[in-house]
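Convert by adding 972 to the 1-based position in the sequence shown; the result is the number in our numbering. Since the structure comes first, as C-alpha cells, the remarks are kept for the end.
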Amino acid sequence: MSSTPATTATAAPAAPLRRFGRFELRALLSKTPRSLLWLVFDPRNGQELLLSMPREKPASAEALAQWKRTADAGARVSHPNLAHVVEQGEVELWPYLAYDRALGETLEERLRRQPAPLPLDVAAWVSQLLEGLAYAHEAGHVHRDLQLAHVLINAADQIRLIGLEVAQDLAGAAQDFNTQSRSAIREAAEQDVLCAGLLLHRLLSGKPVLDQSDLRMALDLMQPQGRELVRLGWETQNPIPEALRAIANRSTDRQTRQRYHQARTFLRALEGWRTAAKQDEGGPIALLMDKLQRFGHLPASSTRLSRILGAAGLEGQHAAALSSLVLDDMALTLELLRRVNNALKQSGASNSGTMLNMQRAVAMIGLNGLQAAVRSLKPWPGPMSELQATVMRSLMKRVHRAGLIAQNLRPAGYDPEVIYLVCLLQNLGRLLLQYHFPDDAQQIRQLMLPPEPTEEAPHPPGMSEQAAAYAVLGCDLDALGSAVARYWGLDEDVQHMMHRASPDAPVRHAGHDTDIIRLTCSFANELVDAMVQPEGRRKHALELATRRYARVLGLGLREVMEALKPETARKEATVSHGPDAAREIGSANLTLTANLDIPPIVPSVPVEGPQASALRRRLAGEDAASDTFPEGR
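Here you go:
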C-alpha cells in the first residue's frame, strides 16, 4: 500500500485507482512514525470510512495476533467521546480499525475552515477529549499517538477520539496484553495526557507547537527528553484568559512533576475554568441555566390543563387523547420532553435515542407523572409583564403555525408529531429568550429593523438575526436552544435537527432522515418568517424561501401554497392535536401572522432502508428499553 497520496494535474490522464483490499483509498489524512489514517470508500456498503492502522505491518504472525487482541480490547471500551469501531480487519497481514466517516471531520480539517476557534470552544473540545481519554485510561488502554487527525468533531461540536491502541509497541509483541507492565501503560497514559496539553496549545496559539505538525515529535523535543520549552505566547489571534493560559502552560511545564499526570486531573482543571468563565463573564447560557432553575422554561399557556389535574374521566383515556392535551401547551410539551429523556438517560436507555413522540411519552410517564409535570409549570404569564406576555403569545402562535405548515410539507411516512416537535425545538432559543430575557429579545428585533434610508442607501437592510443576537448576547439563538437541549439529555441527532439552515448558505441535498426533517422544519419556519414581512415584500420572501428548499425537498409551488392554506392547517391540526386545535386554526387565516404585534425575526423522497427505519423508531421512542420508568424515577 502506498502511503503517499498521488497528485493529479488537470491535463494528465486519471491516476489508477489505489486500493487497500476492498477499500478505495481517497486521501491520506495523517502519517506519523507510528500510525496512518486513510479516508477510504467501501464499495461493499457504499460509505466512506476512516482506516486507522500502524505505520508498519507487524513483523510476525505472533505480533499480528497480539496487535489484534489489544486493539480488540480497546475497541470494546464504550464512551460517548470514543469513536465506535465499525470493523477490525487486516489486508495482507496489515491490520486496521475502521470508523464511520459520518462521525465528523478531523480536528485538523476543522482548523482549515476555522483557524482561530474561541478559547471557550477550545476548552470545550479538549474537555470532551479528556473525558474519553480518562475513561480509556481507567479501563487500562492508551492511545500512544494522539494527533489532531485522531480527534473527530461533528456539526454539534461533539468530540470523539479514534485510533485507541493502534500505535502499539510491537517490539514486545510476544508479551500478552494481560501481563503488560503496569508502569509501561502508566507511562504511555502520561504521554497521552501530555499530547492533549500540546493539542490545547496548538488550538489556542493557532500554529504548530515547536513548528512540528506531529505532536509526538514535539513531545520528543521538550524537556526532559529535549531542550525546548512549550509555553503560550502573547501573539495569539484570540486573547487567552489568564486562568486558561495557566492551565495550558501547566500541562506542558518544563518540570515533569508539575504537569498533569492523569487525564481526569487535567479535565477537572479545565472544567473548573469553563464553569467559572461562564459565571464570571455573565454569559447568556449560564444566566439562562440559572433562570431555568428559578422560573422553568416556559409558563403554562393552555386553560385545558385543569382537566389533567382533575383527571376526571382521564384514567381510561387513550394516550392519543392525553397527548392532544399535552400538545395544546408548549410548556407542557417541552416539560414532558425534558422529563422523559432525562429519565431515559438516567436509566441507561438513552442509547435508543431521544423520545420525540408525545403519545409514547405519555404512555411511559403515566397519568400521575403527567399530573406532576403540569404542577411543575409556572402559571401564565410567569414573571412577564402584560406587554411582554402579549408578545410571547404572538411568538408562540407563530411557532405553532410553523409546526403545522411543516406537517403539511413533510414527505410521506414521517411522523407528524416528530415534525411538529422538531419545528418547535428549532424555535426553542427564541422562545426562551423572549420569556427569560424579553428586553434583550426586543433589542435584537430593533437591530433587525432596517435603518432610515439615505441617498447613498435608499433600501438599507437590517441586521440578520444571527448578527443581531451576537451584538446583544454574544451568541446566536441556536446556541441557547442547543445548550438547553444538551442539558435536557436530547441526543446529537435532535441537536442537529434543531439548527435551522443558514439563510446565507445554499440548501444542500438532504441525504438522511435527520437532514430531511431538519430542512422541512427550517422551510416551514422561513415561510412563517416571510408571512410577517410587510405586504410589499411578503410575496418576494415567500418565493425566495420556496426557491431555496423546493427542489431539495422535492416540492413544487402548488404543494407549498397548499400547505399555507388555513384549511389545510386545520385538517392537519385535527389529525395531530385534536379538534380544539383545529378550531383555533380555523379561526385564523394567512393574515394572522402578518398582523402579529411582534416585529419579524428574519434575517425529495425520504431515505429508505434499515438506517432510515432505525432512526424513525428512535425518534418515536420505540427502541426504549422499557415502556415505564424504573421504580423511584
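For glycine and all other residues, C-beta sits at the position ideal for the given N, C-alpha and C. Note that the structure is predicted; figures quoted are calculated from it, not measured.
| Asked | Found |
| --- | --- |
| Is the distance from the Cβ of Val1504 to the Cβ of Thr1518 below 7 Å? | no |
| Quick one: grab the DSSP three-state call for Ser1024. | strand |
| Starting from the C-beta of Pro1478, find all residues in its chain whose C-beta is less than 8 Å away, skip the five residues before and the five after it, and write them out in chain order. | Arg1520 |
| Comparing alpha-carbon positions, which option in Leu1306, Ser1296 and Pro1433 lies nearest Gly1461? | Leu1306 |
| Under the three-state reduction of DSSP, which class applies to Arg998: helix, strand or coil? | strand |
| With a CB to CB cut of under 7 Å and the five nearest residues on each side skipped, what residues in its chain are close to Asn1210? | Ala1088, Leu1090 and Pro1091 |
| Is the CB-CB distance between Glu1102 and Leu1239 below 7 Å? | In the sequence as displayed, the identity of residue 1102 is Leu instead of Glu. Yes, these two residues count as a Cβ contact at 7 Å. |
| Please go through the same chain and pick out, in chain order, the residues whose beta-carbon is closer than 8 Å to the beta-carbon of Pro1422, but skip the five residues on each side of it. | His1431, Pro1432, Pro1433 and Gly1434 |
| Could you tell me if Ile1570 is buried or exposed, where buried requires 16 or more neighbouring beta carbons within 10 angstroms of its beta carbon? | Here Ile1570 scores only 35 on pLDDT, less than 50, and its place in the model is too uncertain to base an answer on. |
| Just mark Gln1130 as buried or exposed, buried being the case when its beta carbon has 16 or more other beta carbons within 10 Å. | buried |
| In the structure shown, what three-state DSSP assignment does Leu1118 receive? | coil |
| Using a threshold of 7 Å, state whether the C-beta atoms of Gln1467 and Ala1451 are closer than that. | no |
| In or out: Pro1506 buried (at least 16 other Cβ within 10 Å) or exposed? | exposed |
| Around the C-beta of Glu1214, are 16 or more other C-beta atoms found within 10 angstroms, so that it is buried, or is it exposed? | exposed |
| For Asp1412, name the three-state secondary structure that DSSP assigns. | helix |
| Please classify Thr1247 as buried or exposed, where buried requires at least 16 neighbouring CB atoms within 10 angstroms. | exposed |
| With a threshold of 6 Å on Cβ separation, who are the neighbours of Leu1397 within its own chain once the five nearest residues in sequence on each side are excluded? | Met1470 |
| Which parts of the stretch 1390-1474 are runs of the alpha helix (DSSP H), unbroken and 4 residues or longer, counting only runs that do not cross its ends? | 1400-1408, 1410-1420, 1437-1445, 1449-1460 and 1464-1470 |
| My output table needs one value for Met1327: the three-state DSSP class, helix, strand or coil. | coil |
| Could you tell me the alpha carbon to alpha carbon distance between Leu1339 and Leu1297, rounded to whole angstroms? | 12 Å |
| Looking only at C-alpha atoms, which of Asp1300, Thr1326 and Arg1490 sits nearest to Pro1271? | Asp1300 |
| Please determine if the stretch 1120-1136 and the stretch 1045-1055 are in contact, where contact requires at least 3 C-beta pairs separated by less than 8 Å. | yes |
| Could you tell me the alpha carbon to alpha carbon distance between Met1420 and Glu1498, rounded to whole angstroms? | 15 Å |
| Alpha carbon to alpha carbon, what distance is there between Met1302 and Gly1354? | 14 Å |
| Got a sec? Which residues, its chain only, sit under 7 Å from Glu1207 by beta carbon, not counting five neighbours each side? | none |
| Determine the direct distance from the alpha carbon of Glu1358 to that of Arg1347, and round the result to whole angstroms. | 23 Å |
| Using CA atoms only, rank isn't needed, just tell me which of Ala1455, Arg1402 and Arg1472 is closest to Ala1441. | Arg1402 |
| Quick one: any contact between the stretch 1217-1237 and the stretch 1164-1177, if contact means 3 or more CB pairs under 8 Å? | yes |
| Need the endpoints of the beta strand (DSSP E) that Glu1059 sits in, please. | Glu1059 to Val1063 |
| DSSP three-state label for Met1194, please. | strand |
| Below 7 Å between beta carbons: does that hold for Leu1182 and Glu1159? | no |
| Using DSSP's beta-bridge definition, name the partner residues of Asp948. | Outside the displayed range of the chain (973 to 1605) lies residue 948, so it cannot be described from this structure. |
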